[in-house]
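Visitor:
In my numbering, the protein residues as written are 206 to 532.
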């Protein structure tokens with residue numbers, strides 16, 4: 206009997222050792238056919254070339270801004286900077302009212318993006334609720350504005366009649382409701398399981414509470430997508446400054462730099478012909494060329510918005526793909 210007991214214990218310990226030790230599983234390496242290998246290589250080559258085509262213009266502009274202005278004007282800078290300096294950026298920072306214009310652009314981008322994202326998400330959610338009064342009618346009316354536009358003059362008259370002309374809010378309020386962003390949010394909300402909202406309503410949550418506590422945390426990818434689109438549009442816009450404002454204090458960074466680019470080409474000729482140009486213009490004429498100024502201005506305008514994209518990039522692809530699945 207003792208022998209049987211000892212044998213049983215030995216078998217139990219052996220079983221424990223077998224189960225405790227991980228079993229090494231050899232991974233089978235999938236051998237690619239020569240055709241697959243060639244296609245993979247071609248794919249890498251094509252995408253590498255495509256990435257180079259996308260990145261090189263920005264790189265080219267940047268190395269020209271920090272290289273010798275004379276060499277840059279003669280087209281001698283192609284792949285590597287020469288005679289590196291940062292005088293162009295110092296000169297551009299001396300543009301009058303640049304700080305004020307930057308604040309206006311930053312304020313309209315941040316405030317306009319927040320309001321646009323909030324309105325698009327809420328309307329997209331409301332258009333999915335069957336209890337909304339005539340929701341199909343309102344949704345169709347919103348979509349109709351994507352295809353019909355009254356034009357610049359009626360828009361200008363409307364802004365002036367409602368008191369938005371020559372105010373900061375003319376940058377923000379007209380862009381809050383965007384049909385395209387509403388469609389993206391509505392499509393994304395429709396992919397959210399209905400059981401989540403039903404459970405919230407059974408717990409006594411109202412429309413606003415359900416939207417804030419349930420919908421917003423779930424639809425973050427599409428909110429990030431809308432935020433990128435809206436921020437880029439707000440930051441790059443300057444036509445509304447040209448048409449709807451006359452106060453220099455309301456000039457945006459893009460509009461100020463746009464004016465400066467137009468003046469840069471004739472800056473030296475103006476100094477040589479009159480000799481009475483402003484001290485800023487004279488200093489820029491001696492320190493930089495029209496080409497270097499244009500390129501420096503381009504970097505100043507593009508760089509801030511390029512820094513925003515990596516923050517939302519992980520949400521961007523998911524949001525835009527889900528928003529494009531259903532219509």
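Built from N, CA and C at the ideal position, the CB exists for glycine as well.
Pair every Cβ in the stretch 447 to 458 with every Cβ in the stretch 389 to 403, then say whether three or more of these pairs are closer than 8 Å.
Guide: Touching, no.
Visitor: I'd like the span of the alpha helix (DSSP H) that includes residue 238, first residue to last.
Guide: First-last for residue 238: undefined, no H or E at that position.
Visitor: State the Cα-Cα distance for the pair residue 432 and residue 361, rounded to the nearest angstrom.
Guide: If you take the alpha carbons of residue 432 and residue 361, they lie about 26 Å apart.
Visitor: Kindly indicate the opening and closing residues of the alpha helix (DSSP H) around residue 360.
Guide: 357 to 366 is the extent of the alpha helix (DSSP H) around residue 360.
Visitor: Could you check what DSSP says for residue 431 in three-state terms: helix, strand or coil?
Guide: Three-state DSSP puts residue 431 in a helix.
Visitor: Helix or strand or just coil, what does DSSP make of residue 306?
Guide: It is helical.
Visitor: Give the secondary structure of residue 289 by DSSP, where H, G and I count as helix, E and B as strand, and everything else as coil.
Guide: Coil.
Visitor: Under the rule that 16 or more other beta-carbon atoms within 10 Å means buried, what is residue 462, buried or exposed?
Guide: Buried: at least 16 other Cβ atoms inside 10 Å.
Visitor: Applying the criterion that 16 or more other CB atoms from any shown protein chain within 10 Å of the CB defines a buried residue, is residue 274 buried or exposed?
Guide: Residue 274 should be labelled buried.
Visitor: Is it right to say residue 330 is buried, meaning 16 or more other beta carbons lie within 10 angstroms of its own, or is it exposed?
Guide: Buried.
Visitor: Between the C-alpha atoms of residue 457 and residue 464, what's the straight-line distance to the nearest angstrom?
Guide: Roughly 11 Å separates the two Cα atoms.
Visitor: Measure the C-alpha to C-alpha separation of residue 293 and residue 438 and round it to an integer number of angstroms.
Guide: C-alpha separation (whole angstroms): 27 Å.
Visitor: Is the beta carbon of residue 313 sitting closer than 7 Å to the one on residue 370?
Guide: No.
Visitor: Can you check whether the CB of residue 419 is closer than 7 Å to the CB of residue 405?
Guide: Contact flag set, yes.
Visitor: Residue 514 by DSSP, collapsed to three states: which one?
Guide: Of the three classes helix, strand and coil, the one that applies to residue 514 here is helix, per DSSP.
Visitor: Quick one, which of 502, 356 and 511 has its alpha-carbon nearest residue 303's?
Guide: The shortest C-alpha separation from residue 303 is found at 502.
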